[in-house]
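Take a look at the structure set out below.
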Amino acid sequence: TACKAQGEYCLLLFDRHSSHVNAAFLEFCVSHKIISYCLPPHTTHRLQPLDVSVFGPYKHQYQKELTQRFERHEYSISKVNFYEIIMIAGCASFTIANIQSGFQNTGLCPVGQSIVITKIQATQTNSTPP
């Protein structure tokens with residue numbers, strides 16, 4: 001990442017879990033031109049780009065590959081074919097288009113606060129009261 005940044009600042013998104021934030025980490029970020037941004041609690045499913053557009057397709061592709069293997073009566077998963085399965089799922093999911101889609105659909109790039117606000121309002125409108 002440092003090579004690609006060429007001395008420019010980089011943005012690092014993460015949740016507020018206590019294991020992710022400490023003084024040494026923040027000092028490292030400052031000294032290496034990393035802008036650290038903690039996502040608000042309980043929002044990663046809406047604001048974390050990879051959660052929004054990559055991990056869902058990854059899980060789906062992984063399940064699809066397992067199902068196809070079971071249909072061929074391949075019931076055991078060894079270390080070798082486990083790596084085959086995750087490579088297939090990863091190649092199908094970790095695409096430039098999916099990653100860019102995640103940043104667009106979270107309103108991070110281009111910046112668009114209304115994207116997330118609209119999604120939250122739609123969820124609140126569609127939910128049934130207790």
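Okay, so the sequence shown: first residue is 1 according to UniProt numbering, each after it adds one. Just so you know, even glycine gets a beta-carbon here, dropped at the ideal spot from N, CA and C.
Cβ-Cβ distance between residue i and residue j below 8 angstroms
i: V30; j: F94; result: no
i: V21; j: N105; result: no
i: L11; j: I35; result: yes
i: Y58; j: G102; result: no
i: K33; j: Y9; result: yes
Given residue i as reference, the closest of the options once Cα atoms are compared
i: I88; options: V52, R69 and A97; result: R69
i: P49; options: L13, S114 and E8; result: L13
i: N98; options: G56, F82, C3 and G7; result: G56
Beta bridge counterpart(s) of residue i as assigned by DSSP
i: L11; result: I35
i: V30; result: Beta-bridge pairing links V30 to no other residue.
Boundaries (first-last residue) of the alpha helix (DSSP H) holding residue i
i: G90; result: K79 to S93
i: G102; result: I96 to N105
i: Q63; result: F55 to E71
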